[in-house]
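Yeah, the sequence shown ends on 95 if you go by this note's numbering, and it's all consecutive.
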Amino acid sequence: NAGGKYHGGITLGLIDVALFAAMYLLRGVEPAGSVTVDLQAQFIGGGDVARPLDAVVEVLRETRRLGFLRGLVVQDDDLVSSFTATLRKPTTRS
2 NAGGKYHGGI TLGLIDVALF AAMYLLRGVE PAGSVTVDLQ AQFIGGGDVA RPLDAVVEVL
62 RETRRLGFLR GLVVQDDDLV SSFTATLRKP TTRS
């Protein structure tokens with residue numbers, strides 16, 4: 002934005018992509034066919050556009066159909082946002 006900080010939409014986009022990456026890399030859930038059911042984010046600090054943003058994601062629980070996740074968006078030691086989310090895993094058709 003005009004203040005040299007990342008717009009919240011950029012941060013939310015990173016979070017959404019990181020959620021699907023975490024489910025795939027940590028649990029082997031294919032992103033194709035998965036959807037975000039719920040996403041809550043708290044914007045805690047402004048992210049400086051001169052530095053990259055990193056998303057750190059933890060899978061809290063996985064059921065047959067859902068994944069429950071939480072995480073942080075950080076820049077080095079600076080906290081930018083925290084988030085929780087629920088993803089619906091792809092359904093298999095027979």
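For glycine and all other residues, C-beta sits at the position ideal for the given N, C-alpha and C.
I need the straight-line Cα distance from residue i to residue j, nearest angstrom please.
{"i": "serine 35", "j": "valine 57", "result": "20 Å"}
{"i": "glycine 47", "j": "lysine 6", "result": "6 Å"}
{"i": "arginine 66", "j": "aspartate 78", "result": "35 Å"}
{"i": "valine 50", "j": "tyrosine 25", "result": "28 Å"}
{"i": "leucine 20", "j": "valine 81", "result": "17 Å"}
{"i": "alanine 23", "j": "leucine 88", "result": "11 Å"}
{"i": "histidine 8", "j": "threonine 93", "result": "37 Å"}
{"i": "leucine 27", "j": "phenylalanine 44", "result": "25 Å"}
{"i": "phenylalanine 84", "j": "arginine 52", "result": "20 Å"}
Is it right to say residue i is buried, meaning 16 or more other beta carbons lie within 10 angstroms of its own, or is it exposed?
{"i": "leucine 15", "result": "buried"}
{"i": "glycine 1", "result": "An answer regarding residue 1 cannot be provided, because it is not within the stretch 2 to 95 covered by the chain."}
{"i": "glycine 10", "result": "exposed"}
{"i": "threonine 12", "result": "buried"}
{"i": "glycine 68", "result": "buried"}
{"i": "proline 3", "result": "Per the sequence shown, residue 3 should be read as alanine rather than proline. Per the 10 Å Cβ criterion, exposed."}
The beta strand (DSSP E) that contains residue i, what's its start and end?
{"i": "aspartate 49", "result": "From DSSP, aspartate 49 is part of no beta strand (DSSP E); its letter is neither H nor E."}
{"i": "alanine 33", "result": "That residue, alanine 33, is in no beta strand (DSSP E); it is neither H nor E in DSSP."}
{"i": "threonine 87", "result": "79-89"}
{"i": "arginine 62", "result": "55-63"}
{"i": "arginine 71", "result": "67-76"}
Beta carbon of residue i, beta carbon of residue j: below 8 Å?
{"i": "glutamate 59", "j": "glycine 72", "result": "yes"}
{"i": "proline 91", "j": "alanine 33", "result": "yes"}
{"i": "glutamate 55", "j": "valine 38", "result": "Position check: residue 55 holds aspartate in this sequence, whereas glutamate was assumed. Cβ distance not < 8 Å, so aspartate 55 and valine 38 don't count as in contact."}
If you follow the alpha helix (DSSP H) that residue i is in, where does it begin and where does it stop?
{"i": "glycine 29", "result": "That residue, glycine 29, is in no alpha helix (DSSP H); it is neither H nor E in DSSP."}
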